[in-house]
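Notes follow once the structure below has been shown.
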Amino acid sequence: MENLIDTCRENSMSHKLITTLNAHTRDLLAEYEVLTGEQIRQRIDRAQAAFIGWKSVGIEQRTELLRSLAGQLRESKEENSRLMTLEMGKPIAQAESEIEKCAVLCDFYAEQGPRFLQPEFVPTDATRSYIRYDPLGVILAVMPWNFPFWQVFRFAAPALMAGNTALLKHASNVTGCSLAIQRIFTDAGVMEDAFQSLLIGSKQVPDVLARREVRAVTLTGSESAGRSVAANAGQHLKKCVLELGGSDPFIVLEDADILSTAEAAVAARTMNSGQSCIAAKRFLVHERIYNEFVEAMIEGMEKLTPGDPLLESTQLGPQARRDLRDELHKQVQQSIRQGSELRLGGRIPDGAGAFYPCSVLSNVTPGMVAFDEELFGPVAAVTPFDTAERAIHLANQSRFGLGASIWTADVDRVSDLLPQLESGSVFVNEVTKSDPRMPFGGVKDSGYGRELSAFGIREFTNIKSIWVK
Ligand code: NAP
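Counting from 1, position 335 in the sequence shown corresponds to residue 335 in my numbering; the numbering is continuous, with no gaps.
This is how it looks when you write it as structure tokens:
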């Protein structure tokens with residue numbers, strides 16, 4: 001596993017080191033010392049002490065701090081976009097958009113957070129009865145590398161707005177981003193220790209969760225990490241939110257416009273070089289337009305420019321880690337052996353960066369790896385169907401349930417299909433995406449709990465009933 005070799009070596013003083021690499025050149029970027037058990041204990045104590053102060057800060061002041069966070073994000077956009085691109089290889093233009101999206105999120109919770117957290121009066125036979133949303137305390141966030149800023153802010157902005165304090169265990173390959181995010185919180189004037197980045201390995205997560213002061217955990221990442229963290233949370237009876245993988249269906253009905261839908265399909269599959277949980281991964285296409293659609297998709301993918309992710313013109317960067325790229329290639333090869341047809345890509349190019357070409361596998365069926373597993377890279381699995389009912393059946397024939405999209409010229413005809421899809425969101429004639437105004441999360445093996453909107457900010461609150469007689 002490259003990650004282990006890359007990110008967790010012993011130095012001569014036998015302190016564990018996290019090593020980060022330039023995703024494009026594989027050159028060493030930096031080395032960071034992992035916190036010791038004692039240092040972790042001190043950090044948790046400080047987070048708990050900060051919670052006592054932070055929860056008493058008025059909502060107006062927290063609102064101001066969120067606005068200040070948005071300002072800091074925008075001010076440091078250039079430097080932090082570059083850092084993201086260096087560490088995990090996303091095209092620089094997409095890194096810049098990610099930072100802007102984080103700022104918009106902070107603005108959103110600054111504006112709407114007070115309303116989401118206001119006590120709600122409920123008529124009962126009490127003199128006065130209402131619901132309060134009180135903070136829980138110190139929340140641990142275990143986060144992935146694919147959207148190194150967005151995933152963290154998506155949790156931290158609402159969690160801190162609600163009065164919690166946060167400890168971040170970020171993915172090791174984006175440790176520079178983890179520290180940059182902590183700096184943004186400090187520069188924005190957020191109370192010291194209310195947000196701390198913990199430089200720890202995944203094996204240290206259970207020890208953090210075991211501490212009484214840590215009240216809940218949120219993990220965005222793979223299924224295996226989710227299962228492990230959820231088991232630990234269960235052992236300590238702690239609240240847990242899981243945002244895991246997906247294999248989103250992209251359903252193209254026979255009346256959809258082929259060219260514009262294929263263009264959307266290419267964008268949906270290749271954004272972030274294919275490394276997105278809500279990327280469309282399984283393309284279910286009506287048999288009447290199947291061949292034409294696959295051709296249009298191939299043509300669209302061939303037009304994308306791969307290359308140095310620091311160049312504004314680059315549309316497809318390297319995969320973030322070599323071990324993940326190699327795993328993706330194995331999935332492609334196995335799917336070919338199982339009978340799917342490779343129509344584009346499928347070969348590892350030379351060079352240092354972990355590039356993988358845009359690839360299309362057609363005639364993919366359930367039981368094949370490309371259908372059953374998550375393909376975390378720019379590989380489209382395409383499957384024909386004959387009726388809309390069959391499309392829904394295929395869409396649901398996955399253990400994942402994050403997002404789904406349906407493409408049609410007649411939006412009215414799909415209204416009966418929407419409730420049948422087993423996913424946390426369904427988009428009609430739009431690429432699946434996250435938006436601060438709407439809840440985000442999955443069902444089945446894609447996890448549980450919701451982020452964003454009023455639902456997200458209330459996940460880490462004590463929803464308290466008050467009854468006064
Ligand atoms: P990952 O390997 O699960 O890593 C995610 C985080 O979990 C990292 O901080 C990692 O630390 C940590 N981790 C790994 N194993 C752990 C364990 N056993 N106990 C505690 N922590 C552990 O996932 P990834 O490769 O970074 O991200 C890709 C996956 O995330 C994909 O499946 C993708 O679909 C999913 N994802 C989901 C969403 C969503 O919103 N649903 C969003 C983005 C990504 P180290 O780096 O130190 O190993």
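Heads up, the beta-carbon is just placed ideally off N, CA and C, and yes, glycines get one too. Bear in mind that the values here come from a model prediction, so they are computed numbers and not experimental data.
| query | result |
| --- | --- |
| P144 classed as buried or exposed, judged by whether at least 16 other C-beta atoms fall within 10 angstroms | buried |
| Proximal residues to G113 (C-beta, below 8 Å), its chain only, five neighbours per side dropped | I59, R62, T63, L66, P158, M161, A162, I457 |
| Closest by C-alpha distance to A381, when choosing among I258, D326, T270, G89 | T270 |
| D193 burial status per 10 Å Cβ neighbour count (16 or more: buried) | buried |
| Where the alpha helix (DSSP H) containing V57 begins and where it ends | First-last for V57: undefined, no H or E at that position. |
| Bounding residues of the beta strand (DSSP E) (the contiguous stretch that carries Y290) | Careful: Y290 lies outside any beta strand (DSSP E), inside the alpha helix (DSSP H) at 290-302. |
| At least three beta-carbon pairs within less than 8 Å, the region 296-316 to the region 261-268 | yes |
| Presumed contact (8 Å Cβ cut-off) between L421 and A395, rounded CB distance | 6 Å |
| Alpha carbon of V431 to alpha carbon of S359, nearest angstrom | 19 Å |
| Segment contact, 8 Å Cβ cut-off, at least three pairs: the region 183-193 with the region 20-36 | no |
| Which of helix, strand or coil DSSP assigns to H236 | coil |
| Segment contact flag, the region 314-327 with the region 426-444, C-beta cutoff 8 Å, min 3 pairs | no |
| Helix, strand or coil at F195 [DSSP, three-state] | strand |
| Own chain partners of T165 with C-beta closer than 6 Å, once the 5 adjacent residues on each side are dropped | A47, A50, F51, W54, V138, A194 |
| Rounded Cβ spacing between S398 and S247 (contact assumed at less than 8 Å) | 5 Å |
| Simplified DSSP assignment, three categories, for F385 | strand |
| Separation of G245 from I251, as counted between CA atoms | 19 Å |
| Distance cut-off 6 Å: P114 Cβ against heavy atoms of the ligand NAP | no |
| heavy atom of the ligand NAP below 6 Å from C240 C-beta | no |
| Classification of E451 by the beta-carbon crowding that lies within 10 angstroms, buried from 16 upward | buried |
| C-beta atoms of I466 and Y133 nearer than 7 Å | no |
| Residue interval of the alpha helix (DSSP H) (run including E98) | 92-117 |
| CB contact flag (K169, V142, <7 Å) | yes |
| Stretch pair the region 372-380 + the region 329-348: three plus CB contacts closer than 8 Å | yes |
| Buried versus exposed, by CB contacts within 10 Å (16 or more), S12 | Caution applies to S12, whose pLDDT of 35 falls short of 50 and renders its modelled position unreliable; the model cannot decide the point. |
| CB of L209 within 7 Å of CB of N232, strictly | yes |
| Which residues DSSP lists as bridging H286, in chain order | F385 |
| Counted within 10 angstroms of its Cβ, other Cβ atoms place M438 as buried (16 or more) or exposed | exposed |
| Cβ shell of N272 (< 8 Å), same chain only, five flanking positions each side left out | K90, Q94, N146, F147, A279 |
| Cβ shell of T461 (< 7 Å), same chain only, five flanking positions each side left out | Y133, D134, P135, L136, A162 |
| Contacting residues, own chain, Cβ-Cβ under 8 Å from D107 (five flanking each side not counted) | L66, R67, A70 |
| Three CB pairs or more closer than 8 Å across the region 383-395 and the region 275-291 | yes |
| Contact check, A180 vs N80, beta carbons under 7 Å | yes |
| P309 classed as buried or exposed, judged by whether at least 16 other C-beta atoms fall within 10 angstroms | buried |
| Reference V443; option with closest CA among E87, E223, A268, Q42 | E223 |
| Own chain residues within Cβ distance below 8 Å of V468, not counting five before or after | A126, T127, R128, S129 |
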